[in-house]
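**Student:** Could you have a look at this structure, given as structure tokens, before my questions?
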Amino acid sequence: MAVLELADAREPDLLQDADRLGLLRHMLAMRAVEERALKLYKQGRIPGSMYDGRGQEAISVAATWALAGADAVCSPLIRDLGAHLVRGTDLADIFRHYMGRRNPLSQGREGNVHFGDRRRGVVGMVSMLPDMMVVAVGLAMAFRMRGEQRCALTFFGDGATSRGDWHEAMNWAALDKLPVVFVLENNQMAYSTPTARQFAVDPVHRAAGYGIQACTVDGNDPEAVFGAVWHARRRALAGEGPTLVEAVTMRMHGHGAHDDARYVDPELVRTWSLRDPIDLFGARMRGRGADVVALSAEVDAEVEAAVQAALATPMADPATATDGVFCTAEPEPLGTGPSRYSGYAGAA
Amino acid sequence: MAQRTYLQAISDGLREEMRRDERVFVMGEDVGAFGGAFKVTDGLLEEFGAERVRDTPIAEAGIIGTAVGAAIAGLRPVCEMQFADFIACGFDQLVNVAAKMHYRLGLAVPLTVRLPSGGGFSGGPFHSQNPEAWFMHAPGLKVLAPSTPQDAKGMLAAAIRDPNPVVFLEHKHLYRRVRDEVPDGAYATQPRARLAREGTDATVIAYGAMVHAALEAAGGIDASVEVLDLRSLVPLDEEAILASVRRTSKVLVLDEANRTCAAGAQVASLIADRGFEDLDAPVRRLATPDVPIPFSPPLEQAVLPSVDAIGEAIRELLAY
């Protein structure tokens, strides 16, 4: 099984300018939401902890942009807020969820990026990270069994590739050539453990060993991520099997807001800060005539309005703490999100 | 109605539900052409094809996890763990992914996991366990344990139709030893506790294979001994338990699982908490001591609750 080269995965001509503007808007929104949330955390308004994906915005935004509405996202992780934003989850509900206030996403039962939205085809994460890769394989299996033209996409980090469930998912998906796209965010750190202490053989080569097509792309370039995932999805629906897309990036903050990341080489962070995905893509878009400052101000205003709406919402009702352990009705189907990519315009 | 073994009844139940609902499918290790380690799925491949009777890799986390995905997508997977013991390899998927999904995210996971459980056949420490207590402690899972062929078929249908993840314990010792009249066609049995034998002097509370041991022991005693078959461990039919305590005032709680934190411990605690005023004797428990189930027949028989030991415990209770 070949390992695709970077050049094979990039195909920027797929994107229209409206797509590029959308990618930038959602990357800006992800950063604005998370910067605001970190402030709320420091003010004690967000309990528990707060996790952000600074520097990784291109990955979840562009990968989700490449999906059609019927495709499932299972599951966006703690540096993948962009996937929820692309699928259209309400900003105020996200802040309500972060703060443990009444909200339809988690009803206060969950926190930080542990949420999903069935109606938008987004399944929420669990903390045992590669667990949901197997679940994504199961979604793909169901799509195949019903003859539906849908694929499942799942995110995971470099650390997740050390667990047994990762290997079970790789093997299973390859065996049945299931329509699933695995997006590996190699941000070089699993909490405080660098990849050098995580694996002896690169996950891309391991995936190829399982019979899975794999490629490596620049995780700080949304067009590169988009191109790779778009190709992976096309392969998946053509019955050519799963693809692993490794997006190489760098975790620019600690694991969470509680972690000052003192164990990371500052020179590494400085080098990567020169490759900030929003700065680079913003500059590219300015060159194409986009008013990035105005777009950013628009996004900031939306985020601030969402924060105020969330702050005005009561906390979750303690009388509901033991509700909802069991489902008491016929399950609703997994919904479909919006197709953001212009190439799917007119598609169901 | 036809005479069916416990095993045939489970097989019938699966077949009827697959005919009734095209969303239902079976997967597990060797469930296809081989028909399953115990032949529960024998013949299903021929009738339903390889899409709905799926042989899987040896990957228990994969079996449970992909079933969760399929369930979220709207199907009704029934997973077979070849032996209940192997569920330990898929434990995380069951207790962390499946069980909490509805509470956390509002997603339903209509998933049934069939666990051939229990000892009595020299299976040794890895093929004889009764792991039900692991799952009773994980909110979000239902735990069923039928003791008769009629219940096995009806309760399996109830499990498959349930919108929640259900752990379905089928006792291997009963597969070919118990035979009963089983209604034809699909039916679902709501798993409330069942009075297996009425009595007034003492109650034995049991489930699974221990129901049969309790009935045999009760039949050999010159007293009116009631036997209550729990059928469901989660939810637990608390009112039926307390009603029986009120009738007889003396209770033996019987369990084939290891004693510490076994299902019977929860039952005994319930009675101490809410039935104390009705008791004429301390609640008595009989279970397997806290050892792995040994291989050699005399060693295995030495640890599993025997009919004689149950009879002796009932007599002591009656004499209190």
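From first to last, the protein sequence lines stand for chains A and B. Position 19 of the first sequence, counted from 1, bears residue number 256 in the numbering used here, the numbering being contiguous throughout. Position 67 of the second sequence, counted from 1, bears residue number 923 in the numbering used here, the numbering being contiguous throughout. C-beta atoms are modelled at their ideal positions from N, C-alpha and C, and glycine is treated no differently.
1. Could you give the distance in angstroms between the alpha-carbon of A865 (chain B) and the alpha-carbon of A1052 (chain B)?
2. Within 10 angstroms of the Cβ of P1184 (chain B), are there 16 or more other Cβ atoms? Answer buried if so, exposed if not.
3. Touch check for the region 374 to 381 of chain A and the region 915 to 926 of chain B: three-plus C-beta pairs under 8 Å?
4. With a threshold of 7 Å between beta-carbons, can P575 (chain A) be considered close to chain B, or not?
5. Can at least three beta-carbon pairs, one atom from the region 927 to 938 of chain B and one from the region 870 to 883 of chain B, be found at a separation below 8 Å?
6. Determine the chain A residues that contact V887 (chain B) at a beta-carbon separation under 7 Å, and present them in chain order.
7. Going by the C-beta, is R434 (chain A) closer than 6 Å to any heavy atom of the ligand MG?
8. What's the C-alpha gap between V1123 (chain B) and E1072 (chain B)?
9. What is the rounded straight-line gap between the Cα of L971 (chain B) and the Cα of L863 (chain B)?
10. With 7 Å as the threshold, decide whether the Cβ of P555 (chain A) is near any Cβ in chain C.
11. Given this structure, state the Cα-to-Cα distance separating P889 (chain B) from I914 (chain B), to the nearest angstrom.
12. Would you check if the distance between the CB atom of Q293 (chain A) and the CB atom of R257 (chain A) is smaller than 7 Å?
13. Name, please, each residue of chain B whose Cβ falls closer than 8 Å to the Cβ of N408 (chain A).
14. Under DSSP, the alpha helix (DSSP H) around K276 (chain A) begins and ends at which residues?
15. Leaving out the 5 sequence neighbours to the left and right, which residues in its chain are closer than 7 Å to S1080 (chain B) when beta-carbon positions are compared?
16. What's the C-alpha gap between V203 (chain A) and V540 (chain A)?
17. Per the contact definition of three or more C-beta pairs closer than 8 Å, is the region 409 to 416 of chain A in contact with the region 426 to 440 of chain A?
18. Is DSSP giving D513 (chain A) helix, strand or coil here?
19. Put D1036 (chain B) into one of helix, strand or coil per three-state DSSP.
20. Whole angstroms is fine: what's the gap from Y1043 (chain B)'s alpha carbon to A389 (chain A)'s?
21. Could you give the distance in angstroms between the alpha-carbon of R470 (chain A) and the alpha-carbon of A303 (chain A)?
22. What does the Cβ neighbour count give for G1075 (chain B), buried or exposed, with the cut at 16 atoms within 10 Å?
23. Should P1091 (chain B) go down as buried or exposed, given a rule of 16 or more other Cβ atoms within 10 Å for buried?
24. Look at the alpha carbon of T565 (chain A) and the alpha carbon of P1019 (chain B), and state the distance between them as a whole number of angstroms.
25. Below 8 Å on the Cβ atoms is my guess for D354 (chain A) versus L342 (chain A); work out the distance and round it to an integer in Å.
26. Which residues share a DSSP beta bridge with A998 (chain B)?
27. When the Cβ atoms of the region 271 to 283 of chain A are set against those of the region 521 to 534 of chain A, are three or more pairs found closer than 8 Å?
28. Tell me the DSSP secondary structure of M489 (chain A) in three-state form.
29. By how many angstroms is the C-alpha of A300 (chain A) removed from the C-alpha of A585 (chain A)?
30. Hey, is L376 (chain A)'s beta-carbon within less than 7 Å of any beta-carbon in chain B?
31. With a 10 Å radius around its C-beta and 16 neighbouring C-beta atoms as the bar for buried, classify L481 (chain A) as buried or exposed.
32. Considering only the alpha carbon of each residue, which of A:A320, A:Q280, A:G285 lies closest to P459 (chain A)?
33. What residues in the region 351 to 365 of chain A bring their beta carbon closer than 9 Å to a beta carbon of chain B?
34. Once the 5 residues before and after T912 (chain B) are set aside, which same chain residues still bring their CB inside 7 Å of it?
35. Using the beta-carbon count (16 or more within 10 Å), is K279 (chain A) buried or exposed?
36. Any beta carbon of chain A sitting closer than 7 Å to that of G925 (chain B)?
**Tutor:** Walking through what the data contain:
1. 19 Å
2. Nothing can be reported for residue 1184 (chain B): it is not among the residues displayed for chain B, which extend from 857 to 1176.
3. yes
4. no
5. yes
6. Correct list: empty, because the minimum Cβ distance to chain A is about 15 Å.
7. Absent from the structure shown: the ligand MG. Ligands present: none.
8. 22 Å
9. Distance between the alpha carbons of L971 (chain B) and L863 (chain B): 13 Å.
10. Here chain C cannot be found, since the structure's protein chains are A and B.
11. Sequence inspection shows Ala at residue 889 (chain B); the Pro mentioned does not correspond to that position. C-alpha separation (whole angstroms): 16 Å.
12. no
13. P913, A915, G918
14. 254 to 279
15. G1055, T1056, D1057
16. Shown here, chain A extends from 238 to 585; a query on residue 203 (chain A) therefore has no answer.
17. no
18. Collapsing the DSSP output to three states places D513 (chain A) in coil.
19. Correct three-state label for D1036 (chain B): strand.
20. 35 Å
21. 8 Å
22. exposed
23. exposed
24. 7 Å
25. 6 Å
26. Position check: residue 998 (chain B) holds Lys in this sequence, whereas Ala was assumed. DSSP lists B:V1022 as partners of K998 (chain B).
27. no
28. coil
29. Caution applies to A585 (chain A), whose pLDDT of 45 falls short of 50 and renders its modelled position unreliable; the value that the coordinates give is listed next. Computed Cα separation, rounded: 19 Å.
30. Output row for L376 (chain A): interface = yes.
31. Around the CB of L481 (chain A), 16 or more other CB atoms lie within 10 Å, so the residue is classed as buried.
32. A:A320
33. Listed in sequence order: H351, F352, G353, D354, R355, V360, G361, V363, S364, M365.
34. M883, G884, E885, G918, I919
35. exposed
36. yes
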